[in-house]
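Heads up: the structure comes next, in structure tokens.
Residue numbers (this note's numbering), protein chains in the order written: chain A, 1 to 367; chain B, 1 to 367.
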């Protein structure tokens, strides 16, 4: 069986590394063969809207998946010609549009921040009236890692915010002074089997995930996150891995966004869960039963951003697992990650505290 | 850095799967691209003695390793042109020749079975006089999984044994009615750092490994195995993973053979140790520090021989890990393996007992 994957980044590479032992083949589609997954699997190179290439991907694949979200739902649907696509395009379409996402949360009674659609300077002004200040103006599409956002602290910010982002469809959202961020990752098969990983606590700096601690022990939050996850998985008749990111505010969860794919905050599952998110995504979309999602010990995952540290001294750290995506260094770019795993949560957190200043000497990031 | 590997079987594939996250590239050399490792990495196809292709492998690699033993030490040395080879060819040469292996054990005072060199019908007769009956006549070279062996129970067997094997250089060895078999796997870096995995207990049927339980808790045996391993690693100034197989006889270890490579009895380390044998082999030969060799829980590894069972029902087993090498089914051929991992040894053994009759309905193999 061949799994076709649109996007050949590190997520795609980790999917292939997890799927090869199951006897599966992979075929990737990306703009360039010089990509993390292109190093280890055959790849079709072309623009993402190229329907001839998408159709070739479909023809040569038993099921199509994607490792990132900014692809054309329409082009993919037209090119697929009946080849199964998982996760469902309905979920991808919602994840691509912050407004549709917010409305989906509302419809499923999943608590989220207050918001309003913005499509003109006047409607931004009305949105600020209704939702209040401070707030965040966001593009509805193509935002990630904090890009395409503008924080409004007073009505004087309406003009510059509109000038910065007004050319795209927008959403204005309540600014929530949340205490911290968590995410939950689940997986569902075609047969309706569901697996849920424990809660992740995520630490961002400059809008980019830097550190995940998992399992994050917070039973009430975990239950609320699981409820939201089950609702979304059933709503979309979902197949594959789905991630929800939440703000934690006054002890409650507010859904921030969904990602219809394996997620950076689940990289720790490679070494820290019985079955990784990557293997379970592949199992689900290939029509296989799920593997156990139980954690093994307590993990910390640290992203390696912008420049790769010299591996040598970190590989000597007992039990540290190193993942080098072999990407060209660039400011703010995710180039790799490393994971540690300990027998207790406090030991895990203590080790993360030791490692962070070595990996991020400029950053005052402390769990 | 590119790791060149002679042989592209399942061991090579698992080396590449372990090395990709470290940012390493692989180049394989085998008779056909239709091999487990050829599915996931570039491959040079040709005969193993083809020194032009071996030289190309050397030119394109930073270090050369091998995933099986029946390759020409001379051709590899000549073709390498100074490219590093690890493990050392001196260890490969000894592993290829049962007589050299036995003499190496003797020289290092590693207990082994009594033996005698055989190069004529008359010397076989003398060897039987000296070593006694029953005994095993073995080819010195190119034997594996019980092939190239003849058991002698009386002097009447001398004639047929010689007729069967006499065309090759031979070794006659005491037949030891051993209680069971164990193996130990260790790894050494160029800097002399050594890591040792816990003892494996191995169950063979028809000369083929079927089941490994690890860690096998037997402290005195483990200490003796570690001593032997350290001696061999230092003796060869070894770099990479080395395996020793032992018979357990009257509570003592008798070294049976060495494998200068990752080993079937160490497949459980993928899910059952902090760092797998595959990753540590790659780390060692790439000049990187070792990862921890500590076990995680208690593992059972079951080989899938001759025909692949339908994956579906086994993947539904909680915490079972499936490895399909995607090889053509053939009687006695290793096509895959599966691993389970439990929190206690007794739970692990109980689950292995449940699984074995399903995977081997014809075999009365019970741990």
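For every residue, glycine included, the Cβ atom is placed at its ideal position computed from N, Cα and C.
How many angstroms separate the CA atom of residue 263 of chain A from the CA atom of residue 329 of chain B?
37 Å
In whole angstroms, what separates the C-alpha of residue 274 of chain B from that of residue 296 of chain B?
6 Å
In the DSSP assignment, find the alpha helix (DSSP H) that holds residue 110 of chain B and state where it starts and stops.
Counting along the chain, residue 110 of chain B falls outside any alpha helix (DSSP H), and DSSP gives it neither H nor E.
Quick one: which chain A residues come within Cβ less than 8 Å of residue 45 of chain B?
Here the premise fails: no neighbours, minimum Cβ distance about 17 Å.
Taking only three categories from DSSP, how would you classify residue 295 of chain A?
It is a strand residue.
Just list the beta strand (DSSP E) runs in the region 212-277 of chain A, keeping only unbroken ones of 3 residues or longer that don't cross its boundaries, in chain order.
240-249 and 252-259
How is the beta strand (DSSP E) around residue 65 of chain B delimited, first residue to last?
63-66 is the span of the beta strand (DSSP E), which, as asked, contains residue 65 of chain B.
Of all Cβ atoms in chain A, is any one closer than 8 Å to the Cβ of residue 188 of chain B?
no
Within chain B, the residues that residue 289 of chain A reaches when beta carbons sit closer than 8 Å
312, 315 and 316
Step through the CB atoms of chain A and report whether any lies within less than 8 Å of the CB of residue 40 of chain B.
yes
For residue 255 of chain B versus residue 111 of chain B, is the C-beta spacing smaller than 8 Å?
For the pair residue 255 of chain B and residue 111 of chain B, the CB atoms are nearer than the 8 Å cut-off.
List the residues of chain B whose Cβ lies closer than 7 Å to the Cβ of residue 11 of chain A, in chain order.
Those do not exist, as residue 11 of chain A stays about 13 Å from chain B at its closest Cβ, beyond 7 Å.
Output, in chain order, the set of chain C residues within a Cβ distance shorter than 9 Å of residue 319 of chain B.
As a matter of chain content, chain C is missing from the structure shown, whose protein chains are A and B.
For chain A, check one thing: does any of its Cβ atoms lie closer than 8 Å to the Cβ of residue 21 of chain B?
yes
Cβ shell of residue 311 of chain A (< 8 Å), same chain only, five flanking positions each side left out
Excluding residues within five positions, the ones whose Cβ falls inside 8 Å are 322 and 324.
Can you give me the C-alpha to C-alpha distance between residue 226 of chain B and residue 173 of chain B, rounded to a whole angstrom?
One C-alpha to the other measures close to 24 Å.
Only counting the same chain, and skipping five residues up and downstream in sequence, which positions put a Cβ closer than 7 Å to that of residue 49 of chain A?
72 and 75
Closest by CA to residue 219 of chain A, which one among A:243, A:212, A:189 and A:184?
A:184
What residues in the region 323-336 of chain A have a beta carbon less than 7 Å from any beta carbon of chain B?
Against chain B - using a Cβ distance shorter than 7 Å - the residues of the region 323-336 of chain A are 323, 324 and 326.
Applying the criterion that 16 or more other CB atoms from any shown protein chain within 10 Å of the CB defines a buried residue, is residue 217 of chain B buried or exposed?
exposed
Can you confirm whether residue 17 of chain B, when its beta carbon is compared against all beta carbons of chain A, has any partner nearer than 8 Å?
yes
Run through chain B and tell me which residues come within less than 9 Å of residue 283 of chain A, C-beta to C-beta.
315
Could you tell me which of B:107, B:342, B:154 and B:15 sits nearest to residue 301 of chain B, measuring between CA atoms?
B:342
For the alpha helix (DSSP H) that residue 314 of chain A lies in, which residues bound it at each end?
Under the DSSP assignment, residue 314 of chain A falls in the alpha helix (DSSP H) whose first and last residues are 311-315.
Length of the line joining the Cα atoms of residue 242 of chain B and residue 222 of chain B:
Straight-line Cα distance between these residues: approximately 15 Å.
Under the assumption that residue 306 of chain B contacts residue 332 of chain B (Cβ atoms under 8 Å), give the Cβ distance between them as a whole number of angstroms.
The distance from the Cβ of residue 306 of chain B to that of residue 332 of chain B is about 6 Å, consistent with a contact at the 8 Å cut-off.
Those residues which DSSP pairs with residue 334 of chain A across a bridge
Under DSSP, the beta-bridge partners assigned to residue 334 of chain A are A:305.
Limits of the unbroken beta strand (DSSP E) element including residue 148 of chain A:
Premise fails: residue 148 of chain A is in no beta strand (DSSP E) and is neither H nor E.
Which residue from A:351, A:180 and A:38 puts its Cα closest to that of residue 14 of chain A?
A:38
Inspect the beta-carbon positions of residue 205 of chain A and residue 175 of chain A and report whether they are closer than 8 Å.
no
Using a threshold of 8 Å, state whether the C-beta atoms of residue 281 of chain B and residue 339 of chain B are closer than that.
no
What do you reckon, are the CB atoms on residue 179 of chain B and residue 249 of chain B nearer than 8 Å?
yes
Best match in A:68, A:81 and A:193 for proximity to residue 142 of chain A [C-alpha to C-alpha]
A:68
Pick out whichever of A:363, A:169 and A:127 has its Cα sitting closest to the Cα of residue 139 of chain A.
A:169
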